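For the sequence shown, numbering that gives the first Met the number 0 gives the first residue as 0, with consecutive numbering after it.
Don't be surprised by glycine CBs; every beta carbon is placed ideally from N, CA and C.
Just so it is clear, the structure is predicted and the values come from calculations on it, not from any experiment.
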Amino acid sequence: MYHIHCLNNISKKGTDLLGDDYTLTEELGEATGILVRSAKMHDMEFPESLLAIGRAGAGVNNIPLDRCAEEGIVVFNAPGANSNAVKELVLCGMLLACRGIIGGIGWCRENADDENIGKSAEKAKKQFAGSEILGKTLGVIGLGAIGGKVANACVALGMDVYGYDPFLSEKAAASLDGAVQVVDDLARLYEVSDFISIHVPAVEGNIGMINADTIGQMKDGVVFLNFARDTLVDSDDMAAALESGKVRCYVTDFATPAVMKMQNAIVLPHLGASTAEAEENCAKMAASEIKDYIENGNITCSVNYPAVDMGPVEGHRVAVLAAADVDIDAVIAAIGDVQSSESAVRGGSAYILADTGSAADADAIAAIEGVRRVRVIA
């Protein structure tokens, strides 16, 4: 029996996929796998029984990835599972920024007791006049699961769309509407865009990338939307740009003390993936990834180990998690009686998966320098 510990409320649509060989446990110490959404895990100590962590979402800044890798714990996430929910909220943010919707709603509430509110509204609505997005230009930074959907949706809404992504995959490129103009220079995107939406991870090189220098390259009166990570934007520089009018409106899904002091900022309480559909999709994807890894050793969508997939186990299978500099040939030799194998290296980690004709000596494999964890799956 495998034990799964949920650190947050996880949709039953996900946990139901695990099957009869799994049970949910309140005891972290007996967990084979962990399902998590936003709970902070950096200060947690993990039991030796823990094989995998499934993040029911895309961002993994709440998980100690390097430590997990060193302890032989595979961390999965669910990229794309919440992409439609975030895309729709970005569109909402654009409309909130260019129409007087928020102010208009507030006026109606303030004048709720006016018996002639209909007539009064006809006079008052002029102060809430806005602009349309049709024919405007949108720049999308990052054309992955979410950014690509945003770009395509805005093309359908009649916008001119520019996109930038130096790591654009063939699959992502193929999914883009042909009208999306992909540029290889961010400066070009900045200078033409009326709206800019950012969709990149908060990794080294991206943190603080929206700052006084990059904002200075943008059109006067630009609307900037951030539904990715708060740390991508330098708060002091954005506040100054809003005060000067260089940025007309900053729409963000991340409420911080600094953002709450900004004028002309529309701040949402991290609602990007807060739909029933997104929570279900993320839970199902994370649960399926953990189940496939525990039962078959297959890794897909891991953020700290490379992807290796050999399908369902039919006999004996050996799974070896190791450091990137491990001698893979020595590992294969130690496994012995190997009928087929696959291996991959990414970052500081390596993964070797092998189907064998007989049970392998796990202790002999574990003794090889660089090996972190060995599992014999029968």
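Cutoff 7 Å; reference residue i; Cβ partners in own chain excluding five residues on either side
i, result
"Leu45", "The sequence given here places Phe at residue 45; Leu does not occur at that position. Cβ neighbours of Phe45 beyond the five flanking positions: Glu70 and Ile72."
"Ala286", "Gly13, Thr14, Leu16, Leu17, Leu34 and Gly53"
"Lys283", "Lys12, Gly13 and Leu16"
"Asn205", "Val199 and Leu231"
"Ala152", "Lys86 and Leu90"
Bounding residues of the alpha helix (DSSP H) (the contiguous stretch that carries residue i)
i, result
"Cys300", "First-last for Cys300: undefined, no H or E at that position."
"Arg36", "Here Arg36 belongs to no alpha helix (DSSP H), and DSSP marks it neither H nor E."
"Asp328", "Ile327 to Ile334"
"Leu64", "Leu64 to Glu69"
"Ile101", "Ile100 to Glu109"
"Ile72", "No alpha helix (DSSP H) contains Ile72, which DSSP labels as neither H nor E."
Assumed close pair residue i, residue j - CB separation to whole angstroms, cut-off 8 Å
i, j, result
"Ala120", "Gly99", "Between Gly99 and Ala120 the Cβ distance is about 12 Å, and since that is not below 8 Å, they are no contact."
"Val160", "Val182", "Between Val182 and Val160 the Cβ distance is about 11 Å, and since that is not below 8 Å, they are no contact."
"Ile298", "Ile327", "About 16 Å separates the two Cβ atoms, so there is no contact after all."
"Ala38", "His4", "Wrong, their Cβ atoms sit about 11 Å apart, outside the cutoff."
"Ala57", "Arg36", "That belief does not hold up - the Cβ atoms of Ala57 and Arg36 are roughly 11 Å apart, past 8 Å."
Where residue i falls, given that 16 or more other Cβ within 10 Å makes a residue buried
i, result
"Ala321", "buried"
"Leu386", "Outside the displayed span of the chain (0 to 377) sits residue 386, for which this structure offers no information."
"Ala238", "buried"
"Lys122", "exposed"
"Lys170", "exposed"
"Met40", "buried"
"Gln133", "Checking the sequence, you will find Leu at residue 133 rather than Gln. Looking at its Cβ environment, which holds fewer than 16 other Cβ atoms inside 10 Å, Leu133 is exposed."
"Glu278", "buried"
"Pro63", "buried"
Extent of the continuous beta strand (DSSP E) run through residue i
i, result
"Gly392", "The question about residue 392 has no answer here: the residues shown for the chain are numbered 0 through 377."
"Leu320", "His315 to Ala322"
"Asp159", "Asp159 to Tyr163"
"Thr22", "Tyr21 to Leu23"
"Cys51", "At residue 51 the sequence reads Ala, which differs from the Cys that was named. Its beta strand (DSSP E) spans residues Ala51 to Arg54."
Simplified DSSP state of residue i, which is helix, strand or coil
i, result
"Val187", "As written in the sequence, residue 187 is Arg, which differs from the Val given in the question. Of the three classes helix, strand and coil, the one that applies to Arg187 here is helix, per DSSP."
"Ile132", "coil"
"Ile265", "strand"
"Ala178", "coil"
"Ile236", "Note that residue 236 is Asp in the sequence shown, not Ile. Three-state DSSP puts Asp236 in a helix."
"Leu31", "Reading off the sequence shown, one finds Thr at residue 31, where the question assumed Leu. It is coil, neither helix nor strand."
"Asn83", "helix"
"Glu114", "coil"
"Val312", "coil"
"Asp219", "coil"
"Ile206", "coil"
"Thr230", "helix"
"Asp42", "coil"
"Glu341", "strand"
"Asn280", "helix"
"Ile140", "strand"
"Thr251", "strand"
"Val446", "This structure gives no information on residue 446, because the portion of the chain shown stretches from 0 to 377."
"Phe127", "helix"
Contacting residues, own chain, Cβ-Cβ under 8 Å from residue i (five flanking each side not counted)
i, result
"Cys67", "Phe45, Ile52, Val73, Val74 and Asn303"
"Asp235", "Ala257"
Within-8 Å CB hit, residue i to chain C
i, result
"His315", "No chain C is present in this structure, which holds just one protein chain."
Nonlocal neighbours in the same chain, by C-beta distance under 6 Å from residue i, ignoring five residues either side
i, result
"Ile116", "Asn110"
"Asn225", "Ile197, Val232 and Thr251"
"Ala254", "Val266 and Pro268"
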